[in-house]
Ligand SMILES: Cc1cc2nc3c(=O)[nH]c(=O)nc-3n(C[C@H](O)[C@H](O)[C@H](O)COP(=O)(O)OP(=O)(O)OC[C@H]3O[C@@H](n4cnc5c(N)ncnc54)[C@H](O)[C@@H]3O)c2cc1C
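Structural data, given as structure tokens:
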């Protein structure tokens, strides 16, 4: 749903201008130095990029799912690390609070997240709890009005620079699986919470990702998201369900950019006395890529509209994430092919995106996890339809 087409077109044009004129020229530098200059982060703040999904009542833009998807398709046409800087705040790092936070928690944290003065992170994954996120080993033991949290989180985006951590921990140690898990809001500086330096990664240089160590971290019971114990996994799934549509949009942007880059290269590179783009086998790579980009974009926007209309899009969100991330990977692979040997050399746009977008098929549910989810829900839907017909 686009609420006000005129003002939204202006917002989209501003974002596009920022991405093209201020971020794109920095891509190589950020990849090499593994750091986004603070001046550019400040520009992201003044443009309101940290608060796009946060309700207007808390200082954000309150974008609808469709509006956010369109913005995501724009912001991800530059190296995805730029989006990762603010994307947590306008995605999984704020969504738990938006969907399930108490009025006091929202009042306290959302305005800071929306302004970008505070960076948030979403700490679910653990060394033994990856695809099986319900296998949480982090424990929160009640002590009077407090909880004492001990455990370890890994691969957490923005953990090394975050000021607010949404940490999932088991409050009922005797339980297994999705029950008995609670989500806690923990501030940096709380004794016992530490974050080792960022990992070195294949791509997305400039986006710090690291561990969160929790060594007997004492927090008040009021730090539980929503104030109710045992609801944490449900909260995580609600946040991730919306995030899958966001992430799918973030996979479409790089694929659009790579089709553009492929075409330019195919037109300028001459072999056998003519542009390589004149060869039909090269045209095939471009045509297949652009067709898949259009299909992914259409699926993402249709799902976003359905969500805005109040429909349950749990299965479709999984389809969006699976399809768009796989498309993005295929397009990046073809881009390297169209660039030839040059596409394998460091600092080439195809080489950089190829490394950056590999992550999309791994995090926020691997492709295999989404396939399993889609199959399960498809089977259930057919069974329900059969039952209704009898
Ligand atoms: C750069 C980066 C940033 C991240 N950011 C965050 C973050 O901000 N917050 C957070 O909580 N997590 C984050 N993650 C973690 C990410 O979500 C996990 O890596 C992901 O869920 C996969 O878990 P795993 O790495 O343990 O893989 P594993 O679960 O060990 O999977 C290994 C392989 O086995 C397959 N597999 C597993 N189970 C099954 C099954 N039942 N059937 C078929 N195949 C299966 C997987 O698909 C995969 O191919 C991030 C990861 C990375 C790399």
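In our numbering, the protein residues as written are 24 to 413. Built from N, CA and C at the ideal position, the CB exists for glycine as well.
Beta-carbon spacing of residue i, residue j below 8 Å
| i | j | result |
| --- | --- | --- |
| residue 179 | residue 157 | no |
| residue 112 | residue 74 | yes |
| residue 268 | residue 323 | yes |
| residue 53 | residue 102 | yes |
| residue 221 | residue 233 | yes |
| residue 62 | residue 138 | no |
| residue 107 | residue 227 | yes |
| residue 98 | residue 171 | no |
| residue 347 | residue 235 | no |
| residue 31 | residue 90 | yes |
| residue 188 | residue 259 | no |
| residue 414 | residue 182 | Shown here, the chain extends from 24 to 413; a query on residue 414 therefore has no answer. |
| residue 349 | residue 384 | yes |
| residue 150 | residue 175 | yes |
| residue 326 | residue 316 | no |
| residue 142 | residue 185 | yes |
| residue 93 | residue 35 | yes |
Closer than 8 Å to chain B by CB, residue i
| i | result |
| --- | --- |
| residue 277 | Structure shown: chain B not included; a single protein chain is present. |
Host alpha helix (DSSP H) of residue i (start-end)
| i | result |
| --- | --- |
| residue 351 | 337 to 362 |
| residue 176 | Taken as a continuous stretch (DSSP letters only), residue 176 belongs to no alpha helix (DSSP H), being part of the beta strand (DSSP E) at 169 to 180. |
| residue 301 | Counting along the chain, residue 301 falls outside any alpha helix (DSSP H), and DSSP gives it neither H nor E. |
| residue 248 | Careful: residue 248 lies outside any alpha helix (DSSP H) and carries neither H nor E. |
| residue 210 | Counting along the chain, residue 210 falls outside any alpha helix (DSSP H), though it belongs to the beta strand (DSSP E) covering 204 to 210. |
| residue 26 | Counting along the chain, residue 26 falls outside any alpha helix (DSSP H), and DSSP gives it neither H nor E. |
| residue 391 | 390 to 412 |
| residue 295 | That residue, residue 295, is in no alpha helix (DSSP H); it is neither H nor E in DSSP. |
| residue 107 | 103 to 110 |
| residue 386 | Neither: residue 386 is in no alpha helix (DSSP H) and is coded neither H nor E. |
| residue 42 | Taken as a continuous stretch (DSSP letters only), residue 42 belongs to no alpha helix (DSSP H), as it is neither H nor E. |
| residue 378 | 372 to 380 |
Straight-line Cα distance separating residue j from residue i
| i | j | result |
| --- | --- | --- |
| residue 173 | residue 214 | 12 Å |
| residue 270 | residue 95 | 8 Å |
| residue 229 | residue 50 | 10 Å |
| residue 117 | residue 76 | 8 Å |
| residue 169 | residue 194 | 12 Å |
| residue 298 | residue 291 | 6 Å |
| residue 391 | residue 219 | 30 Å |
| residue 104 | residue 358 | 19 Å |
| residue 363 | residue 165 | 59 Å |
| residue 328 | residue 401 | 21 Å |
| residue 199 | residue 33 | 49 Å |
| residue 109 | residue 295 | 46 Å |
| residue 261 | residue 404 | 20 Å |
| residue 257 | residue 57 | 35 Å |
Range covered by the beta strand (DSSP E) that runs through residue i
| i | result |
| --- | --- |
| residue 189 | 187 to 193 |
Subject >> Any 3 or more C-beta pairs closer than 8 Å across the segment 158 to 165 and the segment 117 to 125 >> reply: Short answer: they don't touch.
Original post:
Are the segment 331 to 343 and the segment 257 to 275 touching, with three or more C-beta to C-beta distances below 8 Å?
Top reply: At 8 Å Cβ cutoff, the stretches touch.
**OP:** Can you check the segment 52 to 97 for any beta strand (DSSP E) of at least 3 residues that lies completely inside it and give the ranges in chain order?
**Re:** Runs of the beta strand (DSSP E) inside the segment 52 to 97: none found.
Subject >> Sequence ranges, beta strand (DSSP E) only - wholly within the segment 113 to 173, length at least 3 >> reply: DSSP runs (the beta strand (DSSP E)) wholly in the segment 113 to 173: 143 to 146, 162 to 166.
**OP:** Answer yes if the segment 240 to 249 comes into contact with the segment 198 to 207, meaning at least three C-beta pairs across the two stretches below 8 Å, and no otherwise.
**Re:** Yes, the segment 198 to 207 touches the segment 240 to 249.
Original post:
Residue ranges of each beta strand (DSSP E) run of no fewer than 3 residues wholly in the segment 252 to 290, ordered along the chain?
Top reply: None, since the segment 252 to 290 contains no complete beta strand (DSSP E) of that length.
Subject >> Validate contact between the segment 365 to 376 and the segment 313 to 331 using beta carbons, cut 8 Å, 3 pairs >> reply: With the rule of 3 Cβ pairs closer than 8 Å, the segment 365 to 376 does not count as touching the segment 313 to 331.
Subject >> the segment 301 to 313 in contact with the segment 281 to 289 per 3-pair CB rule at 8 Å >> reply: The way I'd put it, the segment 301 to 313 does touch the segment 281 to 289; three or more beta-carbon pairs between them come closer than 8 Å.
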